[in-house]
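*Asks:* First the structure, which I've put down as structure tokens, then a few questions once you've had a look.
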Amino acid sequence: MTAHESLRRGSFRVSAAILAVLSGVTLSWWAGALARLAASGCGQMSIWACTADAAPAAAAALVTTVAARAAWLGIAAARRVDALPRIPVPSAVAATTVRAARVVCLDTGDRLAFCAGLWRPRLYVSRGAVERLAADELAAVLAHEEAHLQRRDPLRGLLRRAGADVLFFAPLARHWDHRRRLRAELAADRAAVRRTGVPALAGALLSMVATAPAETAAFGPATGSALDARIAVLTDTAAPADPIPVGTSVVSLVGSLATAAVVLCLAPLALALGLP
7 MTAHESLRRG
17 SFRVSAAILA
27 VLSGVTLSWW
37 AGALARLAAS
47 GCGQMSIWAC
57 TADAAPAAAA
67 ALVTTVAARA
77 AWLGIAAARR
87 VDALPRIPVP
97 SAVAATTVRA
107 ARVVCLDTGD
117 RLAFCAGLWR
127 PRLYVSRGAV
137 ERLAADELAA
147 VLAHEEAHLQ
157 RRDPLRGLLR
167 RAGADVLFFA
177 PLARHWDHRR
187 RLRAELAADR
197 AAVRRTGVPA
207 LAGALLSMVA
217 TAPAETAAFG
227 PATGSALDAR
237 IAVLTDTAAP
247 ADPIPVGTSV
257 VSLVGSLATA
267 AVVLCLAPLA
277 LALGLP
């Protein structure tokens, strides 16, 4: 077994353990309370009291669902990364980054660079990027991805996406996820500029955007308003406004109210499955 395979299996075990603990806590809350409805009866309580008593179980169910979605996304992402072919890390990369031990070089001619991994994130760079980028541009790319690694952005992004997926009835969660992802890219850009300067990062950004395959997220989002915001950082100008769409707010409000109404109507059942 290679060190990478061992790391992947370790990450899977940790993810499964966290999910099992959360599921066990939730099920223990539910399993011990099936007799409560018959003993005290939710019909003898106000609907608000029923809802308040059921809220802890509902919150636990929400956390468990988010954790399950995050585990699913994390395992799927790890498998995709594992399927990519690898080659030894070139000396040019090892000499450029201060985290050479955490770098993996991919055997592809496409210019790719990204940070992946939850518990012990790694920096991935492709052979195409190493061969075709100038030395200062490669240093800028590595500095950008190192900033993601230090901030543990892969884990943060995974949890945000899982939460947005679960809260599908509130599109504001998805909008917030996109906004936070862009802020993470801007923070990594600023870190790269401090280490390598604006020209190096600008050259790397243009080169990576021009050649990266459309299906990858290489070197961060770099299209539309996201690209405009990243250029604003490089030129020290005001970033374009990112207002919340009115439709998104309206749909989120309606969806949240509808979900709350369902929870309110099902409060007696929730109490029966709630805390003993």
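Each residue of the sequence shown is one higher than the last, beginning at 7 in the working numbering. We put the beta carbon where it would ideally sit given N, CA and C, even for glycine.
Given 8 Å as the limit, is there contact between the segment 249-258 and the segment 165-179, that is, 3 or more CB pairs closer than that?
*Replies:* They touch, by the three-pair rule.
*Asks:* Write down the C-beta distance between Thr103 and Glu152 rounded to the nearest angstrom, noting that I regard them as a contact closer than 8 Å.
*Replies:* Between Glu152 and Thr103 the Cβ distance is about 6 Å, and since that is below 8 Å, they are a contact.
*Asks:* Residues in the same chain with beta-carbon distance under 8 Å from Ala266, minus the five sequence neighbours each way, listed in chain order, please.
*Replies:* Closer than 8 Å at the Cβ level, and outside the excluded window around Ala266, lies no residue.
*Asks:* Give a yes or no on whether the C-beta atoms belonging to Leu171 and Arg86 are separated by under 8 Å.
*Replies:* Strictly speaking, residue 171 in this sequence is Asp, with Leu absent from that position. Against a cut-off of 8 Å, the Cβ pair of Arg86 and Asp171 comes out as no contact.
*Asks:* Are the segment 122-139 and the segment 91-103 touching, with three or more C-beta to C-beta distances below 8 Å?
*Replies:* Touching, yes, given that three or more Cβ pairs across the two stretches are closer than 8 Å.
*Asks:* Does Leu139 come out as helix, strand or coil in the three-state DSSP assignment?
*Replies:* In this structure, Leu139 counts as coil in the three-state DSSP scheme.
*Asks:* Within the same chain, show all residues whose beta-carbon is closer than 6 Å to that of Gly16, passing over the 5 residues directly before and after it, in chain order.
*Replies:* The predicted position of Gly16 is uncertain, since its pLDDT is 49 and thus under 50; no value can be drawn from it.
*Asks:* Kindly indicate the opening and closing residues of the alpha helix (DSSP H) around Leu124.
*Replies:* From DSSP, Leu124 is part of no alpha helix (DSSP H); its letter is neither H nor E.
*Asks:* Which value, in whole angstroms, describes the spacing of the CA atoms of Ala238 and Val147?
*Replies:* For Ala238 and Val147, the distance between alpha carbons rounds to 18 Å.
*Asks:* Since Leu332 is in the alpha helix (DSSP H), which residue starts that stretch and which ends it?
*Replies:* Nothing can be reported for residue 332, as the shown portion of the chain is limited to 7 through 282.
*Asks:* Residue range of the beta strand (DSSP E) that Val199 falls in?
*Replies:* It is not in any beta strand (DSSP E) - Val199 instead sits in the alpha helix (DSSP H) that spans 177-202.
*Asks:* Would you kindly check if the distance between the Cβ of Ser213 and the Cβ of Arg117 is under 8 Å?
*Replies:* Result yes, Cβ atoms of Arg117 and Ser213 sit closer than 8 Å.
*Asks:* List the whole-angstrom C-beta distance separating Arg105 from Leu155, where the pair is believed to meet the contact cut-off of C-beta under 8 Å.
*Replies:* That pair is a contact at about 7 Å.
*Asks:* Distance, Cα to Cα, Ala122 vs Ala73?
*Replies:* Rounded to whole angstroms, Ala122 to Ala73 spans 18 Å at the Cα level.
*Asks:* For a test of the three-state rule: what should DSSP assign to Arg117, helix, strand or coil?
*Replies:* It is coil, neither helix nor strand.
*Asks:* Tell me whether Arg85 sits in a helix, a strand or coil according to DSSP, three-state version.
*Replies:* Helix, per DSSP.
*Asks:* Please classify Val95: does DSSP put it in a helix, a strand, or coil?
*Replies:* Three-state result, Val95: coil.
*Asks:* Identify whether Leu112 lies in helix, strand or coil by the three-state DSSP scheme.
*Replies:* Looking at Leu112 - three-state DSSP - the assignment turns out to be strand.
*Asks:* Can Leu79 and Arg167 be called in contact, C-beta distance under 8 Å?
*Replies:* Cβ atoms of Leu79 and Arg167: closer than 8 Å.
*Asks:* What residues in its chain sit with their C-beta under 6 Å from that of Ala208, if we drop five residues either side in the sequence?
*Replies:* Cβ within range, chain order: Leu240.
*Asks:* Taking only the alpha-carbon atoms, compute the straight-line gap between Ala44 and Ala264 and give it to the nearest angstrom.
*Replies:* At Ala44 the pLDDT is 44, less than 50, meaning the model places this residue with poor confidence; the figure from the coordinates comes in the next sentence. About 29 Å.
*Asks:* Closest by CA to Arg126, which one among Asp113, Arg133, Ala107?
*Replies:* Cα-wise, what sits closest to Arg126 is Ala107.
*Asks:* Run the CB neighbour count on Gly169, radius 10 Å, all protein chains shown included, and call it buried at 16 or more, exposed below.
*Replies:* Classification of Gly169: buried, given that the 10 Å Cβ count is 16 or more.
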